[in-house]
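In this note's numbering, the protein residues as written are 8 to 376. Note that CB positions come from ideal geometry on N, CA and C, so glycine has one too. Comments concern the structure below.
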Ligand SMILES: Cc1ncc(COP(=O)(O)O)c(C=O)c1O
């Protein structure tokens, strides 16, 4: 099937682009010895897990549902982390997980007897900021994400087998990563050598164009050797960056002081992070003399994808391709306004497209009661 034969809206996952990220991940693993887990919170479209699993070591999660999805559909190692586990979840998570990670010493003490054979970890918060957005910054004041105080952790470290940290956010600068890792080592280095593994979390954009992968690998290897630990990374965004688009159709055009085009999707329902962080979508093409504001069709006044340039005037029925729609989009889509939910389709390396999921009125009804 070709794209023009499908009705919009749909997320289109591109296997060739995904493969290019996977090759970089495989190279990083080989050069550094680090293990790499997919962060399911970012991307959980399981129809392409078979194209990712051979290049990664497993998954990490934020909830019991993600633990189960990772174990059933991805395989490899399953890491179970949650900001706060509920009493009835820990045994079920530990049954499926290789490692269970607690966010606080209090949760560790409360649930440690339920962890069975799973290796037990604790989240540390180095209070280092690498985010432009306070909302996404684990080092924000009074952050609940992990334990801050090395002294408190020292008291329980002999009963832990590892630590998880996550303090990077869309960090594309190797030098910044390097500098901040020194600060992390300064704060927690004495604890690292007492455990078997340390996960440095996600947020490093190491699959990006021009990122010095070899330097990054050397730094991870040196860290692993210095502290005698197995190093994990938990990429979400870096694993799937640019691997999907949101394909939409222009439904209406108007000019209220600016040329506006309304498409058959919504920022709020289908690419929510753009709204949360106040950032613009990216569009292809984005060049030419005709400038438009591309708007979603929900009732929200600010449902706007961004402003873009086109080579020719837009017409009702034109197809547009919104870029970089894989991460934190499909996992956050919602039924706001009861709008048609984008289908999920996959473009194989030979260019053929298959639809792997369509959503109907029944699913909308079933999402409520
Ligand atoms: C603990 C943890 N690991 C991994 C990730 C994935 O981060 P990213 O998608 O920026 O790589 C996150 C994101 O919030 C996280 O909180």
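Classify residue i: buried if its beta carbon has 16 or more other beta carbons within 10 angstroms, exposed otherwise.
i           : result
residue 263 : exposed
residue 295 : exposed
residue 242 : buried
residue 324 : exposed
residue 156 : exposed
residue 25  : buried
residue 141 : exposed
residue 206 : buried
residue 49  : buried
residue 308 : exposed
residue 200 : exposed
residue 416 : With the chain covering 8 to 376 only, the question about residue 416 has no answer from this structure.
residue 298 : exposed
residue 229 : exposed
residue 104 : buried
residue 304 : buried
Quick one: Cα of residue i to Cα of residue j, how far?
i           : j           : result
residue 215 : residue 330 : 15 Å
residue 71  : residue 135 : 28 Å
residue 109 : residue 310 : 37 Å
residue 68  : residue 327 : 33 Å
residue 96  : residue 316 : 50 Å
residue 128 : residue 359 : 43 Å
residue 149 : residue 12  : 51 Å
residue 373 : residue 10  : 29 Å
residue 81  : residue 59  : 8 Å
residue 219 : residue 41  : 16 Å
residue 106 : residue 346 : 39 Å
residue 217 : residue 94  : 46 Å
residue 302 : residue 341 : 17 Å
residue 39  : residue 226 : 8 Å
residue 209 : residue 92  : 21 Å
residue 333 : residue 352 : 12 Å
residue 28  : residue 203 : 28 Å
residue 117 : residue 14  : 51 Å
residue 271 : residue 257 : 7 Å
residue 367 : residue 162 : 53 Å
residue 377 : residue 336 : The structure shown does not extend to residue 377, since the chain is modelled only from 8 through 376, so no value can be given for it.
residue 288 : residue 250 : 15 Å
residue 375 : residue 344 : 13 Å
residue 169 : residue 260 : 56 Å
residue 187 : residue 306 : 43 Å
residue 371 : residue 284 : 27 Å
residue 63  : residue 53  : 14 Å
residue 73  : residue 65  : 12 Å
residue 190 : residue 182 : 13 Å
residue 365 : residue 355 : 18 Å
residue 300 : residue 146 : 35 Å
Residue i by DSSP, collapsed to three states: which one?
i           : result
residue 135 : coil
residue 194 : helix
residue 333 : coil
residue 366 : coil
residue 154 : strand
residue 354 : strand
residue 232 : helix
residue 205 : strand
residue 174 : coil
residue 268 : strand
residue 47  : coil
residue 249 : coil
residue 63  : coil
residue 341 : coil
residue 110 : coil
residue 130 : strand
residue 42  : strand
residue 1   : Nothing about residue 1 can be reported from this structure: the residues present for the chain run from 8 to 376 only.
residue 27  : helix
residue 291 : strand
residue 314 : strand
residue 94  : coil
residue 169 : strand
residue 54  : helix
Which residue from the options puts its Cα closest to that of residue i?
i           : options            : result
residue 363 : 171, 17, 12        : 17
residue 153 : 169, 138, 132, 147 : 132
residue 247 : 14, 276, 20        : 20
residue 198 : 179, 166, 313, 104 : 166
residue 112 : 230, 84, 164, 337  : 164
residue 124 : 213, 172, 101      : 101
residue 350 : 190, 375, 361, 269 : 361
residue 86  : 239, 138, 321, 313 : 239
residue 151 : 130, 318, 158, 137 : 130
residue 138 : 115, 78, 22, 211   : 211
residue 252 : 269, 222, 292      : 292
Inset, instruction - For ligand 1, enumerate in chain order all residues having a CB closer than 5 Å to any of its heavy atoms. - result: That gives 46, 49, 173, 208, 209, 210, 241, 242, 243, 244.
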